[in-house]
Amino acid sequence: MRVPLPRPESRSTRDVVAVCAIVLAVVLVAVSAYFSSDARRVQHHPADSRIAASELSKLPEGFVPDTLHEVWRSPNVASRLSVDEGGVLIQHDDRSVTVKHVATGEDAWSYTAAHDVCGSAMAWNVTVLLMRSAKGCGDAVSFKTATGQYHSTRSALASEDVRVQQSNDNVGTVSDRRVELWRKDLVRTVEVGQVEAPTQPHKQAHAECGMASALWRKEFLAVLQSCAEENRSVLRAMTTTPEESSEPEEDESWDLPLGSQLVAVAQDRVAAYMHGDDGRPVVKVYRADTDTVDTFPVQPSGLAEAAGDGFSPVTADLPHHMTWWDGERLVGFDPSTLRPVWHVEGALGTGGAMGGRVLVPVPAGIAVVNWHSGEVERTIPVDRQGYSGPVTLKVAGKFVVEQRGQETVVLSA
Numbered sequence: 537m538r539v540p541l542p543r544p545e546s547r548s549t550r551d552v553v554a555v556c557a558i559v560l561a562v563v564l565v566a567v568s569a570y571f572s573s574d575a576r577r578v579q580h581h582p583a584d585s586r587i588a589a590s591e592l593s594k595l596p597e598g599f600v601p602d603t604l605h606e607v608w609r610s611p612n613v614a615s616r617l618s619v620d621e622g623g624v625l626i627q628h629d630d631r632s633v634t635v636k637h638v639a640t641g642e643d644a645w646s647y648t649a650a651h652d653v654c655g656s657a658m659a660w661n662v663t664v665l666l667m668r669s670a671k672g673c674g675d676a677v678s679f680k681t682a683t684g685q686y687h688s689t690r691s692a693l694a695s696e697d698v699r700v701q702q703s704n705d706n707v708g709t710v711s712d713r714r715v716e717l718w719r720k721d722l723v724r725t726v727e728v729g730q731v732e733a734p735t736q737p738h739k740q741a742h743a744e745c746g747m748a749s750a751l752w753r754k755e756f757l758a759v760l761q762s763c764a765e766e767n768r769s770v771l772r773a774m775t776t777t778p779e780e781s782s783e784p785e786e787d788e789s790w791d792l793p794l795g796s797q798l799v800a801v802a803q804d805r806v807a808a809y810m811h812g813d814d815g816r817p818v819v820k821v822y823r824a825d826t827d828t829v830d831t832f833p834v835q836p837s838g839l840a841e842a843a844g845d846g847f848s849p850v851t852a853d854l855p856h857h858m859t860w861w862d863g864e865r866l867v868g869f870d871p872s873t874l875r876p877v878w879h880v881e882g883a884l885g886t887g888g889a890m891g892g893r894v895l896v897p898v899p900a901g902i903a904v905v906n907w908h909s910g911e912v913e914r915t916i917p918v919d920r921q922g923y924s925g926p927v928t929l930k931v932a933g934k935f936v937v938e939q940r941g942q943e944t945v946v947l948s949a
């Protein structure tokens, strides 16, 4: 005998309308989330083919051209000029970053971020971009420079205003409060200063002080913290790779006059610009393994003296010298002792090496400088079409790349 089943519960028109409204609301939320998400706003176009290890032809030994002509130019708001040895450079506006071939100006690959780009760097054959988020300038992404393919990412609390600095071994950021360094996979190796969300505040000495400047090379990190309430600055020598990244390992420290700034670094010492006891400007060189401090007289640097915390010195490494642009001249330091050995008056910025000489931007063009003596042998005329501000110069094969304000200009023999 069949047992009769109960009739299904009847559905009213109101029930159907309610279910449809809920489904529609869920769909609208999902669509809205998709179109407003960061992923939707990101545009990534890797290279069509791998960029050759070096697409630039080698020059004859000792070659320095007599004349230069403009090949191409492009707007570029990058705060520092980055040119890879493979013959590409970084160009970016507020959110879009393009890696271009130096020889032609053609795009190799590009990336448009969801937020403003705070800075960029090229190191370890990767290109690193630092981007702004609700947590400050602490979101980073890196790409293989040769292909534009993703390499690594990181996201962390950070200051709103940071400057990207790099050596051959580390990329990092410096703000007026802290410095941190990353290795190739963007894992932080050390942080010094005022930590954004400290869980163990006692691990950071002088956390109440500002960060005047910082420089690093190999395993050596030098930070200069300004302690205004104590009317002094504290120079600290430490390692770039402590056992715990949140706990710096200090080897030595020195008290410096307030207003001092770091201007050059070697593998075991650092040079600081300041005014001596007699009020005249000097560069003092400090080493962690000795009490001896070498002092060298220098010309006044309005650029260093006007800088506050978060100062990022304009420096460049050359085959036989470290260099620093002080705002009025280019100073060359012995790479081992950091003794100032020559200077080029009237320089507009740092230079690059070509044919056993240093090419230095000057008002009349590009000075060809003997890198042993600092003597200006001749000047290659360059018409900058009325531009007279700072110029950063780099050499890539036969090409000379100049960053003039917010424009990159490529010249060639």
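If you read the sequence shown in this note's numbering, its first letter stands for residue 537, the second for the next number, and so on.
Note that CB positions come from ideal geometry on N, CA and C, so glycine has one too.
Buried or exposed, going by whether 16 or more other CB atoms sit within 10 Å of the CB of residue i?
i: Thr-603; result: exposed
i: Val-937; result: buried
i: Tyr-647; result: buried
i: Ala-764; result: exposed
i: Val-613; result: exposed
i: Phe-869; result: buried
i: Met-810; result: buried
i: Pro-897; result: buried
i: Val-829; result: exposed
i: Pro-876; result: buried
i: Phe-599; result: exposed
i: Leu-693; result: exposed
i: Asp-813; result: exposed
i: Val-664; result: buried
i: His-738; result: exposed
i: Gly-844; result: exposed
i: Asn-704; result: exposed
i: Ser-610; result: exposed
i: Thr-928; result: buried
i: Ser-711; result: buried
May I ask whether a heavy atom of the ligand FAD can be found less than 7 Å away from the beta carbon of residue i?
i: Gln-761; result: The ligand FAD is not part of the structure shown, which contains no ligands of any sort.
What are the residues that DSSP puts in a beta bridge with residue i?
i: Asp-853; result: Met-858
i: Asp-791; result: Val-770
i: Pro-897; result: Ile-902
i: Lys-680; result: Val-662
i: Ala-807; result: Ala-800, Val-821
i: Ser-749; result: Leu-760
i: Ala-932; result: Phe-935
i: Asp-675; result: Met-667, Ser-691
i: Val-607; result: Paired residue(s): none; Val-607 is not in a bridge.
i: Arg-699; result: Val-710
Looking at C-alpha atoms only, which residue of the options is the closest neighbour of residue i?
i: Tyr-923; options: Ile-916, Gly-901, Ser-618; result: Gly-901
i: Arg-586; options: Lys-754, Phe-679, Leu-617; result: Phe-679
i: Ser-789; options: Arg-816, Ala-758, Gly-795; result: Ala-758
i: Ser-511; options: Val-607, Arg-577, Ser-615; result: Since the first residue shown for the chain is 537 and the last is 949, residue 511 is missing from the structure and cannot be characterised.
i: Asp-697; options: Ala-682, Gly-684, Val-715; result: Val-715
i: Pro-601; options: Phe-935, Gln-939, Gln-942, Arg-940; result: Phe-935
i: Glu-780; options: His-580, Leu-717, Met-658; result: Leu-717
i: Thr-709; options: Thr-689, His-742, Ala-657, Gln-740; result: Ala-657
i: Tyr-822; options: Trp-861, Lys-636, Thr-689, Phe-832; result: Phe-832
i: Asp-721; options: Ala-676, Asn-704, Ala-773, Leu-693; result: Ala-676
i: Ala-852; options: Leu-866, Glu-841, Thr-663; result: Leu-866
i: Ala-773; options: Cys-745, Lys-636, Asp-825, Asp-862; result: Asp-825
i: Met-747; options: Asp-584, Arg-713, Val-726, Val-728; result: Arg-713
i: Leu-592; options: His-637, Gln-803, Arg-768; result: His-637
i: His-908; options: His-687, Pro-871, Leu-665; result: Pro-871
i: Val-731; options: Ser-782, Leu-625, Ala-583, Ala-840; result: Ser-782
i: Pro-899; options: Val-918, Arg-893, Val-905; result: Val-918
i: Arg-805; options: Arg-753, Val-894, Cys-745, Ala-583; result: Arg-753
Determine the extent of the alpha helix (DSSP H) in which residue i is found, giving its start and end residues.
i: Glu-841; result: 838-842
Start and end of the beta strand (DSSP E) containing residue i?
i: Gly-901; result: 901-906
i: Leu-595; result: Note, Leu-595: premise wrong, no beta strand (DSSP E); not H, not E.
i: Ser-656; result: 653-659
i: Val-715; result: 714-718
i: Phe-832; result: 830-833
i: Gln-685; result: Element bounds for Gln-685: n/a, residue is neither H nor E.
i: Phe-756; result: 756-763
i: Gly-729; result: 724-729
i: Leu-947; result: 943-948
i: Phe-971; result: There is simply no residue 971 to check, as the chain begins at 537 and stops at 949 in what is shown.
i: Ala-889; result: 888-890
i: Asp-643; result: 643-648
i: Pro-917; result: 912-917
i: Ile-587; result: Segment: none, Ile-587 is in no beta strand (DSSP E) and carries neither H nor E.
i: Lys-636; result: 632-637
i: Leu-625; result: 624-628
Subject >> Sufficient close CB pairs (3 or more, under 8 Å) joining the segment 904-917 to the segment 871-880 >> reply: yes
Original post:
Are the segment 940-947 and the segment 606-615 in contact at 8 Å, needing three or more beta carbon pairs?
Top reply: yes
Subject >> Contact the segment 643-659 vs the segment 617-634: 3+ CB pairs below 8 Å >> reply: yes
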